[in-house]
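I have placed the structure first, in the form of C-alpha cells, so that the comments after it can refer back to it.
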Amino acid sequence: MNTGYAIHIRNLVKKFGDFTAVDNISFDVRKGEIFGFLGANGAGKTTAMRILCGLSRPTSGSGTVAGFDIRKEQEKIKRHIGYMSQKFSLYPDLTVRENIRLFGGIYGLKDREIHEKTEAMLDMLEIRDAGNRFAAELPLGWKQRLSFSIALIHSPQIVFLDEPTGGVDPETRRRFWELIYDTAEHGTTIFVTTHYMDEAEYCDRVSIMVDGRIAAMDSPAGLKESLAARDMDEVFRIVAGRAVREE
Amino acid sequence: MTMREFWASVRKEFLHIFRDRRTILIVMIMPVIQIILFGFAVSTEVNEARVAVCGDMSDPQVARIVDRIDSNRYLEVTGELSAPEEIEGLFRRNGADAAICFGRNFGSRFHDGRAQVRIVGDGSDPNTARMITSYIAGVLQDVQQDADISISGEKVPSMTPVVKFMYNPAMKSSYNFVPGVMGLILMLICSMMTAVSIVREKETGTLELLLVSPVKPLWVILSKLMPYLVLSVFNFTTILLLSHYVMEVPVNGSIALLSLVAVVFVVTSLAIGLLVSEISSSQRTAMLICGMGLTMPTMIFSGIIFPCESMPAVLQWFSDIIPAKWFIIMVKKVMIQGDGFRSIIVEFGILAGMAAVLLAVSIRNFRTRLQ
Chain A
1 MNTGYAIHIR NLVKKFGDFT AVDNISFDVR KGEIFGFLGA NGAGKTTAMR
51 ILCGLSRPTS GSGTVAGFDI RKEQEKIKRH IGYMSQKFSL YPDLTVRENI
101 RLFGGIYGLK DREIHEKTEA MLDMLEIRDA GNRFAAELPL GWKQRLSFSI
151 ALIHSPQIVF LDEPTGGVDP ETRRRFWELI YDTAEHGTTI FVTTHYMDEA
201 EYCDRVSIMV DGRIAAMDSP AGLKESLAAR DMDEVFRIVA GRAVREE
Chain B
1001 MTMREFWASV RKEFLHIFRD RRTILIVMIM PVIQIILFGF AVSTEVNEAR
1051 VAVCGDMSDP QVARIVDRID SNRYLEVTGE LSAPEEIEGL FRRNGADAAI
1101 CFGRNFGSRF HDGRAQVRIV GDGSDPNTAR MITSYIAGVL QDVQQDADIS
1151 ISGEKVPSMT PVVKFMYNPA MKSSYNFVPG VMGLILMLIC SMMTAVSIVR
1201 EKETGTLELL LVSPVKPLWV ILSKLMPYLV LSVFNFTTIL LLSHYVMEVP
1251 VNGSIALLSL VAVVFVVTSL AIGLLVSEIS SSQRTAMLIC GMGLTMPTMI
1301 FSGIIFPCES MPAVLQWFSD IIPAKWFIIM VKKVMIQGDG FRSIIVEFGI
1351 LAGMAAVLLA VSIRNFRTRL Q
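Sequences listed follow chains A and B, in order. Here our numbering is used: position 143 in the first sequence is 143, and no number is missing along the way. Here our numbering is used: position 258 in the second sequence is 1258, and no number is missing along the way.
In C-alpha cells, the structure reads:
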C-alpha cells in the first residue's frame, strides 16, 4: 500500500494529558522529495517527528513511514530511516573514525562494510587527514556534514534532519545543502525541520505547523503566490502569526 | 537485534571510560588509595607494639616474663630503662608504646604475693593503649598461673577471664574496613558512574541518537551497564588481592560464594544507578544523589567508621534498607569467618530481593519514560 509515498500520515494525534501537542495532522511525502517541516517552537514539530521516527506512539491516527506502520512496526522503521540533529550527532570524545564505526556498528553493518564506508566518507567529505582527530576538534560545518553522512551510513530510505544547520553562516549552510540535493537525487527522501527561511526555499515542499496543526502546505513558490509574500520569511510570519498557543 | 549491534555500543562505552582521565582515576586508583588510607592511616590495630622494660634484668623471674612478652605475637621488647622516670621522655619521643616496671626484689617476693609490677600505657591513643596493656596483663596472668601450678602441683581454680577475639585476634581494623571498602567501591562504580554516564547522554542528547537506532532500548541500557559490570569485577579482584597480600586479611570462605554475593550486590547497585539516572536531569544532580544518598549511608552503616550496634534503634532500622549493609555482613561472614551459604541465606535473600525489585522498577520506569 502507498508505495508511492515515503511518508503517509492520516489524522495523527498526540496528547499529553489535557494538552494536545499534535492535533489531527495528515500529509504525504513522496519518495525522493525534500520536505521542509516548519513551525515555531512549541508548535508540535518535535513531537510529530518523534512519532515518525518510531520514538513515540501516537494517541490516535495512522500512517506509514518507509512502508512500515507507525503504531506497530517501530523497530522496522528505525532500521530504514536515518536521523541527524545538529545539536547532538557525534560523540565529541570519540575520533571521526570511531564515530563512523560506532554508528555503522549499531546499524548492523559488517566490519568490512564499515571499513569501506569509512574510507569513502573521508574521501567524499575531504577530511581524510582528520580521521583520527576527536570530533570535538572539528569545525562546526565539518561536523554537520559528517553527521549527515553518518546518518546515511546504512542507506536509509528516508533521512530526518532536525534543525541540521544551526549556528553556521549561510555559505556553510549552502554547502551542506549541496550534500542534501546530491542525496535526494539518488532517491533518498529528506524530511527536514529548520528555523532558517533561506533553507525553506531549498525544499521541494514545506508544511508550516501552528498550534499542533498543519496551517499551510505547498511548494515555496506556491505559498509565496497564494499569500502574496515576497519571500519565505514573510510567508512564515503570516502563517505563524495566527498562533494562539503560547510558546 | 544482533550481538554485533550490542557490542558496537559496548565498545563505545569503554572508549568513553578510557578517554576520560577522571573516570580512569576513580576506577583504577581509588580502590588502592582507599585500602591504603584505611589500612595505614585509620588503623587502630596492635602490631608488634614496642614495650620498654624497667627492672632488674638479672632477676630470673623478671627475665622469664620479659622473655614471654617478647615472644608474644603482638608485643616486642625494645628497650631497658634504668628508672621509671624515663618513661615519660620515652613516650614523648615516641620511643615505645608501653612500659612495664618491676618492683624491687621482684623474684624473691614473687611467690609470697608481694611482688609489684606496673604496666604503663601511652594514653594519648587510648584505644591502642588499652589493647596493648591488656595484652601485657594477659602475659603476666599466664606466668602467674604457670607459677601456681609449678608450686602446688595442681591447677588452682582461678576466675581470671581470658579474653580472645575470634577470627581477628590482633583486632586488626582491616578485617572491618576491607568489606566496607569493597561495598563502597562497588556501590560507587556501579551506581554513581552508571548514573552519571547515562545522564551525560541525556544532557547532550546523544541518548536520543541511540534510541532512534534499531538497537532496542533495553539493549541500549544493557550496553551502558556492561562496562561498569566489567570494571567492578576488576575492582573486586584488586581489592581482594590487596587486602589479602598487603593487609593480610584472610580469605577463609569460598571465593566462588564471595563472588556470587558480589555479583548480586553489583546488580543491585546498577539498578540503583539506573533509577538515579531516571530521576536526575543533570550530572551534578546524579552525583549529589549518589554521594549524599548512597555513599554517605554506606560509609556510616557499613561499620567502616561506627559500629551499627551502637546506633539508636531508628537508625538501625534505617540501615536495613541500605543494600551495602547486607553485602558487608555477608562479606564479613564468608571472607573472615569462613561461613558457608547456609549462614548467609537470610542476608542473601534480602539482597537478592532488593536487586529484583530495583531492577524491575528501574527498567519499567525507563520504558515508560520513552513513550
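Just so you know, even glycine gets a beta-carbon here, dropped at the ideal spot from N, CA and C.
**Prompt:** N1235 of chain B and I1185 of chain B: beta carbons closer than 8 Å?
**Reply:** Taking 8 Å as the cut-off, the Cβ atoms of N1235 of chain B and I1185 of chain B count as close.
**Members of the region 1175-1205 of chain B near chain A, C-beta cut-off 8 Å** = Using a CB distance below 8 Å, the part of the region 1175-1205 of chain B facing chain A consists of T1204, G1205, ordered along the chain.
**Asked** Looking at the C-beta of I100 of chain A, does it have a partner C-beta in chain B at a distance below 8 Å?
**Response** Not flagged as an interface residue toward chain B: I100 of chain A, since no C-beta distance is shorter than 8 Å.
**Prompt:** Around the Cβ of M1 of chain A, are there at least 16 other Cβ atoms within 10 angstroms (buried) or fewer (exposed)?
**Reply:** Residue confidence for M1 of chain A is low, a pLDDT of 47 falling below 50, so the modelled location carries little weight; the figure read from the coordinates is stated next. Burial check for M1 of chain A: the Cβ neighbour count within 10 Å stays below 16, so the residue is exposed.
**Prompt:** Under three-state DSSP, which class holds E1080 of chain B?
**Reply:** Strand at E1080 of chain B.
**Asked** Which bits of chain B does G17 of chain A rub up against, with CB to CB less than 8 Å?
**Response** For G17 of chain A, none of the residues of chain B pass the 8 Å Cβ criterion, the least Cβ distance being about 13 Å.
**Request:** Could you check the C-alpha separation between M1287 of chain B and E1088 of chain B for me, to the nearest Å?
**Result:** Whole-angstrom Cα-Cα distance: 50 Å.
**Prompt:** Any Cβ of chain A within less than 8 Å of the Cβ of S1259 of chain B?
**Reply:** No, its Cβ sits nowhere closer than 8 Å to a Cβ of chain A.
**Request:** Starting from the C-beta of M217 of chain A, find all residues in its chain whose C-beta is less than 6 Å away, skip the five residues before and the five after it, and write them out in chain order.
**Result:** Excluding sequence neighbours, M217 of chain A sits near S207.
**Prompt:** For the beta strand (DSSP E) that F249 of chain A lies in, which residues bound it at each end?
**Reply:** Beyond the ends of chain A as shown, which are 1 and 247, falls residue 249 of chain A; an answer cannot be given.
**Prompt:** Under a CB-based cut-off of 8 Å, is G108 of chain A close to chain B?
**Reply:** Closer than 8 Å to some Cβ of chain B, the Cβ of G108 of chain A qualifies, so yes.
**Request:** In angstroms with no decimal places, state the Cα-to-Cα distance between L140 of chain A and A1262 of chain B.
**Result:** Going from the Cα of L140 of chain A to the Cα of A1262 of chain B covers about 46 Å.
**Request:** Could you check if P1312 of chain B is buried or exposed, using at least 16 other CB atoms within 10 Å of its CB as the buried criterion?
**Result:** Classification of P1312 of chain B: exposed, given that the 10 Å Cβ count is below 16.
**Request:** Kindly list, in the order they appear in chain B, the residues whose Cβ is closer than 9 Å to that of S85 of chain A.
**Result:** Under the 9 Å cutoff, chain B gives G1205, E1208, L1209.
**Request:** Please check if any C-beta of chain B sits within less than 8 Å of the C-beta of Y91 of chain A.
**Result:** It does: the Cβ of Y91 of chain A has a partner Cβ on chain B nearer than 8 Å.
**Request:** Kindly indicate if chain A contains any beta-carbon less than 8 Å away from that of E1013 of chain B.
**Result:** No, because no Cβ of chain A sits closer than 8 Å to the Cβ of E1013 of chain B.
**Asked** Taking Cβ to Cβ, would you say T193 of chain A is nearer than 8 Å to M49 of chain A?
**Response** For T193 of chain A and M49 of chain A, yes; Cβs fall inside 8 Å.
**Message:** Quick check on L12 of chain A - is its C-beta less than 8 Å from some C-beta in chain B?
**Reply:** Interface with chain B (8 Å Cβ-Cβ cutoff): L12 of chain A is excluded.
**Prompt:** Who are the Cβ neighbours of G4 of chain A in its own chain at under 8 Å, not counting the five residues just before and after it?
**Reply:** Apart from the 5 residues on each side of it in sequence, G4 of chain A sits with its Cβ closer than 8 Å to the Cβ of R30, K31 in its chain, given in chain order.
**Request:** Compute the distance between the beta-carbons of Q1316 of chain B and E1203 of chain B, then report whether it is under 8 Å.
**Result:** No; because the gap between Cβ atoms is not below 8 Å, this pair is not in contact.
**Asked** In three-state terms, what does DSSP make of V1051 of chain B?
**Response** Three-state result, V1051 of chain B: strand.
**Request:** In angstroms with no decimal places, state the Cα-to-Cα distance between V244 of chain A and R237 of chain A.
**Result:** Distance between the alpha carbons of V244 of chain A and R237 of chain A: 14 Å.
**Prompt:** Do the CB positions of V1120 of chain B and A1099 of chain B come within less than 8 Å of each other?
**Reply:** For V1120 of chain B and A1099 of chain B, yes; Cβs fall inside 8 Å.
**Residues that R1021 of chain B contacts on chain A, provided the C-beta gap is smaller than 8 Å** = In chain order: nothing, as chain A lies at least about 11 Å away.
**Asked** When we look at the beta-carbon of N1176 of chain B and count the other beta-carbons within 10 Å, is it buried (16 or more) or exposed?
**Response** The residue in question, N1176 of chain B, is buried, as its Cβ has 16 or more Cβ neighbours within 10 Å.
**Prompt:** Taking DSSP as the reference, what is the three-state secondary structure of M1 of chain A?
**Reply:** Because the pLDDT of M1 of chain A is 47, which lies under 50, any placement of that residue in the model is unreliable, and the number read from its coordinates should be weighed accordingly. Correct three-state label for M1 of chain A: coil.
**Message:** Would E1278 of chain B pass as an interface residue toward chain A - the criterion being a Cβ-Cβ separation below 8 Å?
**Reply:** By this cut-off, E1278 of chain B is not an interface position.
**Option nearest M1192 of chain B by Cα separation, candidates B:L1257, B:M1247, B:T1285** = Checking every option, the nearest Cα to that of M1192 of chain B belongs to B:T1285.
**Asked** At a Cβ cut of 8 Å, what residues of the region 1209-1234 of chain B count as close to chain A, listed as they run along the chain?
**Response** Those would be L1209, L1210, L1211, V1212, S1213, P1214, V1215, K1216, in chain order.
**Request:** Could you tell me which chain D residues have their CB closer than 8 Å to the CB of K78 of chain A, listed as they occur along the chain?
**Result:** Protein chains A and B are contained in the structure displayed, whereas chain D is not.
**Request:** Using a Cβ-Cβ cut-off of 8 Å, state whether G105 of chain A counts as contacting chain B.
**Result:** Yes, its Cβ sits closer than 8 Å to a Cβ of chain B.
**Item:** Helix, strand or coil at I158 of chain A according to DSSP, with G and I counted as helix
**Value:** For I158 of chain A, the secondary structure class from DSSP, reduced to helix, strand or coil, is strand.
**Beta carbon of S1232 of chain B nearer than 8 Å to that of I1189 of chain B** = Yes, the Cβ-Cβ distance between S1232 of chain B and I1189 of chain B is below 8 Å.
**Asked** In the region 130-179 of chain A, which residue ranges form an unbroken alpha helix (DSSP H) of at least 4 residues, counting only runs that do not cross its ends?
**Response** Within the region 130-179 of chain A, the complete alpha helix (DSSP H) runs of at least 4 residues are 140-151.
**Prompt:** Buried or exposed: M232 of chain A, going by 16 or more other Cβ atoms within 10 Å of its Cβ?
**Reply:** Buried: at least 16 other Cβ atoms inside 10 Å.
**Asked** Where DSSP assigns a beta bridge to L38 of chain A, which residues make up the other side?
**Response** DSSP, once it has assigned bridges, lists A:I208 as partnering L38 of chain A.
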